């Protein structure tokens, strides 16, 4: 078999990820961006040439990662346009097209490449087996071959229980690129149209996949992704020799603690949990089933449960449950996230102006980079706080806040029952 | 001596117990309703036939307890009417009339029955020795016999220091019932009138009693009752083999921990304390001198001090002091009860429209069944929250709340100092 | 050498110390007032006769200390007037004039007295070596002698890096007192003028001093003074045999714990820290680098960091950072001090009507004697609460409060979304 070029799609713009300011492929899990996890898995599976489709915003960051040749898609014209952009960078005749921010078991890539070698399939598409309906593309299988990808068929109308997973192998990349060129480029599903056209004449094999699958669309999907990494990659404990764990601290279940991290007196960590380099879990703090980035301070008597903290977050006697903090977030003493509606209903959130059901009964707050919360403030379930915004002390924040926004309790709210003259000594 | 029928009075309606929705005889201590404690003590003292006077509301619950024959008093017409209701259910000629929700030492019942056997007394009335005045009925003793019960004589005018304790033995029940029938039934003290009339002609012995005595009139009396049970019945530690206690937890003083309960890392429990079945005392939580029901979660870094929690309460980083939670109460992180006035005065409470002195300097909140409290909310000393009510996040609640009531911070209180346009990415 | 009389100046009135109600020389560190520390150091250095200049307010307290002869300066007319007041109480011919509330190493006093004995200097003035400018008096040195004290020369115009430290030795006290009498007494720098006049004709030696120096002008200077005592005098641990430390408590670094103090389960103390007699560090509390007075209760899950608590303070699940509590201060559960501006700027404070930069990035609250704070209240960085004042539950306090002041959340702020009729049972 000739060389296979992996095409990593990282040029999409994730507006629905707001207030996360970072490109989703750059979100860090276990101290590595998603795209680096994907690139590593591809490399381990035997692919030596990786082309990354970036956009103008993430180009620089992606280049710094040195995970492959970075090509910039100048305008956000979708996957089809992305493919045309990389045309001249493909080595060999075959390609494996992969969403950079999708996380699958590395074995899936190995299986695809093996199938490519052992069979004469023109196309190989993995089908993610899913019992419950979710609004994606589904594979129609006939005679064991993929004959069509049906987009969002609606519940009960699925042609199979196999979801189209974007890790597409094309033996002859040019054939596919030509189809794309011939497709009406005004629509945003050029890639899908071209693939469908190709499926009519080419032999497409399916690989049924039941393994882990992580993807991010909304900010709360970061919690699922974090869970997936903890479950799959933190299965045994590993504590750096350069970490310091106080003798009275208790660590239960699989926990990874990186170099320079400190776990102070009476702290409790329950796995699976990841503690990044140089982070401190303070006296009497509790961390469970969470991912904590680098240089974080989970201060005295704080609890972090089922949450994701990016780098450089500072907590101090806080409760953080089912929450996503992008990084450099500071919380004053007594600030808490409410992560549960008292009517026990699903938590809703507004995304690009539309109210949507997150399908979660537990969801705390989403904080963009550098958002800060004052002492004794309360963040209601599902609120999203823009980067650099500040929720003032004592405020009960029910709604989303724009970046750099500021809210304070109206000081007129406080009534002085006795006001004596100026100097009362 | 012929058979003695115990008549357990449980038909009274305790409006002053609001927001407790449960009949006081059904309030659970050490996982058993008060009436079951009383019925057991009577049984242990040798009484085999127990008749329970129920009302329409508690009839079913009392029948399920299987503590005796349940007879329903159709209208709340007082103790006299209650006695007439059970008339046909009395076996033998003698009766022992007992308030179902009053708790005394079982030996008192034994002493009454012994005195009944050894003497020819027509009536036996226990007199509770009390130094301080309280507004009850007092026994007038002449020649060693009880000759009168004086209701609320006023301080300094007590005929003796013996309080009339309703555990009345009548050798000839019919004589008493006839007196009741002859008494003007329009007044609500028919029982007392009939007893007074009988005392003029019959020989009534007194049994002086110095032992424990617990009774409930107001919701905060539940704290005294809880104290009494802990003091008297939790004198040595008893930890179920089916409970799990983390090695870092500390248990001091007598503590009963039931089956399925869990005590997590660094939790501290100080006795006398009772932890009901399947309840969890969370990481770094502190429970002292409290009664915790079944299926409770005293979450991370919560403190419960000198309080009563019914079944199914959920706490999470809360301070609960000198408080009564009926059951299924949820508190958000950071919610606290204030249990002490800063002027150190007694705490007052409104009962049926009247402001009354609870005579306690420490009193937290009283929560009816299912009342919930949002994150960082504060409950002021002595507030009573009706069943199913919700105190919103950050609210400082100074006054009582009706059942199903809801209060929230006015969101207009929050001032946004900078409000940028919609999308700030 | 003839006898030396030490004149301790304690008659100044420190208005800028508000809301501290106590004279600064009476502020207690390591359970002893500043003046007693100074008097002890002088005694240890060999001075047997001490005269204390008091004012009408602190006269009684100073007499009770029995640290020396107390003389009352009737009106606050400055140091010059103070000197004239003590004239008749001086024994021998020489004096050492010392600010009672300034703390230096005892060796400085020894060095002054040695120099007095070994040389023929008329005057000896210690010069505190300081790199950074601060607005005090600076010594001009010529030919190794002090020839002038230049008051507040302005940055970059200092005649030397030696700050005039008030521990002035005068071999002939009368000469100095005569100069004072001849000076125009209407100005408030009589002392300095007289000294300057004397320096023109007399031989004044300097002692260069690099050791510790503590002084108090503003309330937050108490934090520096506290730090100095902890650093200098709490260098090794010393735990009274009459203190009780639970086996699960952790004590790290040098910590002094006095008689009758209790350290409860899972408490953590990090030195240098001082815990006064009969104080309790509660379950799961954390105290670091702080000075805690007598009879304090640092209750469950409280943190006290880099703070000064006077006698009789009660905390309960609070965060107290970089704060000064004069004494008898009570805080409800969940009340916190914010000690850090989220913009990371220096914290400002209003002193006698003027806004001033405290030059601290970390500063919590300053509480006068008996000031109290309700549950879940928040004190903003640098706020000063007058003695006996009360910050109500849930209040976010941004500004200073007068003594006996009271503020509450406006109850109208709470909106009841459902209000049912009176009785909802």
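Protein chains in written order, with my numbering: chain A, 5 to 429; chain B, 5 to 429; chain C, 5 to 429.
Virtual Cβ for every residue (Gly too), placed ideally from N, Cα, C.
On a predicted model such as this, the values are computed, not experimentally measured, just so you know.
Handout entry: Closest Cα partner of residue 111 of chain C within the set C:91, C:276, C:211 and C:280
Key = Mapped onto the third chain, residue 111 of chain C falls at position 107. Taking the Cα of residue 111 of chain C as reference, the smallest distance to any Cα among C:91, C:276, C:211 and C:280 is reached at C:211.
Practice task
Within the same chain, show all residues whose beta-carbon is closer than 6 Å to that of residue 274 of chain A, passing over the 5 residues directly before and after it, in chain order.
Solution key: By one-based count along the first chain, residue 274 of chain A stands at place 270. Hits under 6 Å: 256, 257 and 292.
Exercise for the section: May I have the straight-line CA-CA distance separating residue 403 of chain B from residue 301 of chain C, to the nearest angstrom? Expected result: Residue 403 of chain B sits at position 399 when you count from the first residue of the second chain. Residue 301 of chain C sits at position 297 when you count from the first residue of the third chain. Cα to Cα, residue 403 of chain B sits roughly 29 Å from residue 301 of chain C.
Problem - Neighbourhood of residue 183 of chain C by C-beta distance below 6 Å, restricted to the same chain and skipping five residues each side - result: Working through the third chain from its first residue, we reach residue 183 of chain C at position 179. So the list reads 198, 201 and 202, once near-sequence residues are dropped.
Problem - Closest residue to residue 88 of chain A among A:132, A:195 and A:148 (Cα-Cα distance) - result: Against the first chain, residue 88 of chain A aligns to sequence position 84. Considering only A:132, A:195 and A:148, the residue with the shortest C-alpha distance to residue 88 of chain A is A:195.
Problem - Cα-Cα separation, residue 116 of chain C to residue 109 of chain C - result: Numbered from its first residue, the third chain carries residue 116 of chain C at position 112. Numbered from its first residue, the third chain carries residue 109 of chain C at position 105. When the Cα atoms are used, residue 116 of chain C and residue 109 of chain C turn out to be separated by approximately 12 Å.
Handout entry: 8 Å Cβ cutoff met for residue 295 of chain C and residue 241 of chain C
Key = In the third chain, the residue the question calls residue 295 of chain C occupies position 291. In the third chain, the residue the question calls residue 241 of chain C occupies position 237. Not closer than 8 Å, so no.
Practice task
Output, in sequence order along the chain, the residues in the stretch 7-33 of chain A whose CB is closer than 9 Å to any CB in chain B.
Solution key: Near chain B, meaning a CB-to-CB distance below 9 Å, the residues of the stretch 7-33 of chain A are 19, 22, 23 and 25.
Practice task
Pull out every residue of the stretch 371-392 of chain B whose Cβ sits closer than 8 Å to any Cβ of chain A, in chain order.
Solution key: The residues in question are 376, 378, 379 and 380.
Exercise for the section: Please say whether residue 130 of chain C and residue 169 of chain C have beta carbons closer to each other than 8 Å? Expected result: Along the third chain, read from residue 1 onward, the residue named residue 169 of chain C stands at position 165. Along the third chain, read from residue 1 onward, the residue named residue 130 of chain C stands at position 126. Cβ distance < 8 Å, so residue 169 of chain C and residue 130 of chain C count as in contact.
Exercise for the section: Taking residue 252 of chain C as the query, report the chain B residues whose CB atoms sit under 7 Å from its CB, ordered along the chain. Expected result: Position 248 of the third chain, counting from 1, holds the residue named residue 252 of chain C. Per Cβ cutoff of 7 Å: 254.
Problem - chain A contacts from the stretch 256-284 of chain B (Cβ-Cβ distance under 9 Å) - result: Here the close residues are 268, 269 and 270.
Practice task
Look at residue 310 of chain B and residue 276 of chain B and say whether their C-beta atoms are less than 8 Å apart.
Solution key: The residue labelled residue 310 of chain B in the question sits at position 306 within the second chain. The residue labelled residue 276 of chain B in the question sits at position 272 within the second chain. No.
Practice task
Could you tell me which of B:259, B:329 and B:303 sits nearest to residue 223 of chain B, measuring between CA atoms?
Solution key: Counting from one through the second chain, the residue named residue 223 of chain B turns up at place 219. When only C-alpha atoms are compared, the closest one is B:329.
Exercise for the section: Taking 8 Å as the threshold, find out whether the stretch 5-21 of chain B comes into contact with the stretch 45-59 of chain B through three or more Cβ pairs. Expected result: Short answer: they touch.
Exercise for the section: Reducing DSSP to helix, strand and coil, say where residue 410 of chain B ends up. Expected result: Position 406 of the second chain, counted from the first residue, corresponds to residue 410 of chain B. Under the three-state reduction of DSSP output, residue 410 of chain B falls in the strand class.
Practice task
Give a yes or no on whether 8 Å exceeds the smallest Cβ distance from residue 323 of chain B to chain C.
Solution key: On the second chain, residue 323 of chain B is found 319 positions in, with the first residue counted as 1. Cβ-Cβ to chain C under 8 Å: yes for residue 323 of chain B.
Handout entry: Cα-Cα separation between residue 99 of chain C and residue 52 of chain C, rounded to whole angstroms
Key = For the purposes of this step, residue 99 of chain C is taken as residue 95 along the third chain, with counting starting at 1. For the purposes of this step, residue 52 of chain C is taken as residue 48 along the third chain, with counting starting at 1. Their backbone Cα atoms lie some 12 Å apart in a straight line.
Handout entry: Cβ-based neighbour list, residue 233 of chain B, same chain, cut-off 6 Å, excluding 5 preceding and 5 following
Key = Indexing the second chain from 1 puts residue 233 of chain B at position 229. Only 33 and 34 meet the Cβ criterion.
Handout entry: Counted within 10 angstroms of its Cβ, other Cβ atoms place residue 359 of chain B as buried (16 or more) or exposed
Key = If you number the second chain from 1, residue 359 of chain B lands on position 355. It is exposed - the Cβ of residue 359 of chain B has fewer than 16 other Cβ atoms within 10 Å.
Handout entry: According to DSSP, residues forming a beta bridge with residue 141 of chain A
Key = In the first chain, counting from the first residue as 1, residue 141 of chain A sits at position 137. According to DSSP, residue 141 of chain A bridges with A:155.
Problem - Near-chain C residues of the stretch 326-342 of chain A (beta-carbon distance less than 9 Å), N- to C-terminal order - result: Cβ contacts with chain C: 334, 336, 337 and 338.
Handout entry: residue 423 of chain C classed as buried or exposed, judged by whether at least 16 other C-beta atoms fall within 10 angstroms
Key = Along the third chain, read from residue 1 onward, the residue named residue 423 of chain C stands at position 419. With a pLDDT of only 41 at residue 423 of chain C, under 50, the local geometry of the prediction cannot be trusted, and the value read off the model is given with reservation. Exposed, by the Cβ-count rule.
Practice task
Would you mind sorting residue 191 of chain C into buried or exposed? The rule is 16 or more other CB atoms within 10 Å of its CB.
Solution key: Translated into the one-based positions of the third chain, residue 191 of chain C becomes position 187. Exposed, by the Cβ-count rule.
Handout entry: Among B:82, B:413 and B:237, the one whose alpha carbon lies nearest that of residue 18 of chain B
Key = Here residue 18 of chain B refers to the residue found at position 14 of the second chain. It is B:82 whose Cα lies nearest to the Cα of residue 18 of chain B.
Practice task
Could you tell me whether the Cβ of residue 290 of chain C comes closer than 8 Å to any Cβ of chain A?
Solution key: In the third chain, counting from the first residue as 1, residue 290 of chain C sits at position 286. Yes, residue 290 of chain C lies at the interface with chain A (some Cβ there is under 8 Å from its Cβ).
Problem - Residue-level contact to chain A via CB, residue 400 of chain C, 8 Å cutoff - result: By one-based count along the third chain, residue 400 of chain C stands at place 396. Closer than 8 Å to some Cβ of chain A, the Cβ of residue 400 of chain C qualifies, so yes.
Problem - Within chain C, the residues that residue 305 of chain B reaches when beta carbons sit closer than 9 Å - result: Stepping through the second chain from its first residue, residue 305 of chain B is reached at position 301. Neighbours of residue 305 of chain B on chain C, chain order: 288, 304, 305 and 321.
Handout entry: C-beta neighbour in chain C for residue 229 of chain A, strict 8 Å
Key = Start at 1 with the first residue of the first chain, and residue 229 of chain A comes out as number 225. No, because no Cβ of chain C sits closer than 8 Å to the Cβ of residue 229 of chain A.
Exercise for the section: Output yes if chain B places a C-beta closer than 8 Å to the C-beta of residue 394 of chain C; else output no. Expected result: By 1-based counting over the third chain, the position of residue 394 of chain C is 390. In terms of beta-carbon proximity, residue 394 of chain C lines the interface with chain B, with at least one pair separated by less than 8 Å.
Handout entry: Nearest-angstrom Cα separation, counted from residue 373 of chain C out to residue 362 of chain A
Key = Translated into the one-based positions of the first chain, residue 362 of chain A becomes position 358. Translated into the one-based positions of the third chain, residue 373 of chain C becomes position 369. C-alpha separation (whole angstroms): 51 Å.
Practice task
Note down the Cα distance separating residue 244 of chain C from residue 279 of chain C, rounded to an integer number of angstroms.
Solution key: Within the third chain, numbered from 1, the residue matching residue 244 of chain C stands at position 240. Within the third chain, numbered from 1, the residue matching residue 279 of chain C stands at position 275. Their Cα atoms are separated by approximately 10 Å.
Exercise for the section: Check the Cβ-Cβ distances between residue 413 of chain B and every residue of chain A, and say whether any is below 8 Å. Expected result: Along the second chain, read from residue 1 onward, the residue named residue 413 of chain B stands at position 409. With its beta carbon less than 8 Å from one in chain A, residue 413 of chain B belongs to the interface.
Exercise for the section: Buried or exposed for residue 124 of chain C, please, with buried defined as at least 16 other CB atoms from any protein chain shown within 10 angstroms of its CB. Expected result: As a working note, residue 124 of chain C is residue 120 in the third chain. Note on residue 124 of chain C: under 16 other CB atoms within 10 angstroms of its CB, so exposed under the neighbour-count rule.
Handout entry: Backbone secondary structure at residue 17 of chain B - three-state DSSP
Key = Indexing the second chain from 1 puts residue 17 of chain B at position 13. If DSSP states are grouped into helix, strand and coil, residue 17 of chain B belongs with coil.
Practice task
Determine whether the Cβ of residue 397 of chain A lies closer than 8 Å to any Cβ atom of chain C.
Solution key: Start at 1 with the first residue of the first chain, and residue 397 of chain A comes out as number 393. Yes, its Cβ sits closer than 8 Å to a Cβ of chain C.
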